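To start, the structure itself, in structure tokens.
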Amino acid sequence: CVQGALSPLLSNLMLDVLDKELEKRGHRFVRYADDCNIYVRSQKAGERVMAGVEKFLAKRLRLKVNKAKSAVAKPSVRKFLGFSFTSGREPRRRIAPQAIARFKARIRELTRRTRGRSLAQTSKELSTYLVGWRGYFGFCQTPSVLRALDEWIRRRLRAIAWKQWKRGRTRFAELRRCGVGRDLAAKTAGSPHGPWRLAASPALNMALSKLFFRSLGLATVAAPQPA
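Residue 160 in UniProt numbering sits at position 160 of the sequence shown; the count goes up by one each step and never skips.
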């Protein structure tokens, strides 16, 4: 296996022969460098094709298939370049769970050290990453997942704001300044619950709404919704 920056290019040159063989056999497939998915109708057909491809690569190109990374499985179980498929009769492109986990880990990393930074500064830094991520994963066909990720980000930012406000008196004043009623502001400011739980509360959703974050320039990973 060739390693380094040239690996994808060299893989494409070497495996062009495989592409032509799969096309000749009438298989549906996608390949990037040495990562290849071949789609067939059944487990039995998959096992037969896998054996045939292994034999072809060994005989024609003297290459061995990586057994640890190869399998015959449903498309909804496997991933390819960060994507997978939903199950059912009409499968849709979805973001692979591993890619979503990496996304959340990166957001946590970008929002971990927020002391001394305003929400506007944090939103600006996040947006640089979000725009690039959306440019790639916006290709998915599961918009509800993207909307859920946007809500998760806003909730995290609300929790950060709640921590920054620190004292009950400050929290009450900030909620009132953002238009929350006196009774609800007092009840929320005096709540014993932690920042993450309160970040989903009516008071904080009202104070730090979607429109508020939009005014800060926070990008979204889902297609923007009308105000």
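We put the beta carbon where it would ideally sit given N, CA and C, even for glycine. Note that the coordinates shown come from a computational prediction; the quantities given were computed from them, not determined experimentally.
- Taking C-beta atoms under 8 Å as the contact rule, Cys140 and Ile95 qualify, at a distance of about 5 Å.
- Beta-bridge partners of Phe83 (DSSP): Phe80 and Ile95.
- Between the beta-carbon of Thr188 and that of Ser201 there is about 6 Å, and that keeps the pair under the 8 Å contact cut.
- For Asn37, the beta-bridge partners assigned by DSSP are Val30.
- Arg31 is not a Cβ neighbour of Leu13, given a cutoff of 9 Å.
- Bounds of the alpha helix (DSSP H) holding Lys55 are Gln43 to Phe56.
- By the Cβ neighbour-count rule, Leu130 is buried, with 16 or more other Cβ atoms within 10 Å of its own.
- Distance from the Cα of Phe213 is smallest, within the candidate group Val65, Arg112, Trp196 and Cys178, for Cys178.
- Glu109 counts as exposed, since fewer than 16 other C-beta atoms from the protein chains shown sit within 10 angstroms of its C-beta.
- As for any alpha helix (DSSP H) of minimum length 4 sitting wholly inside the region 92–153, the runs are 97–112 and 119–137, ordered along the chain.
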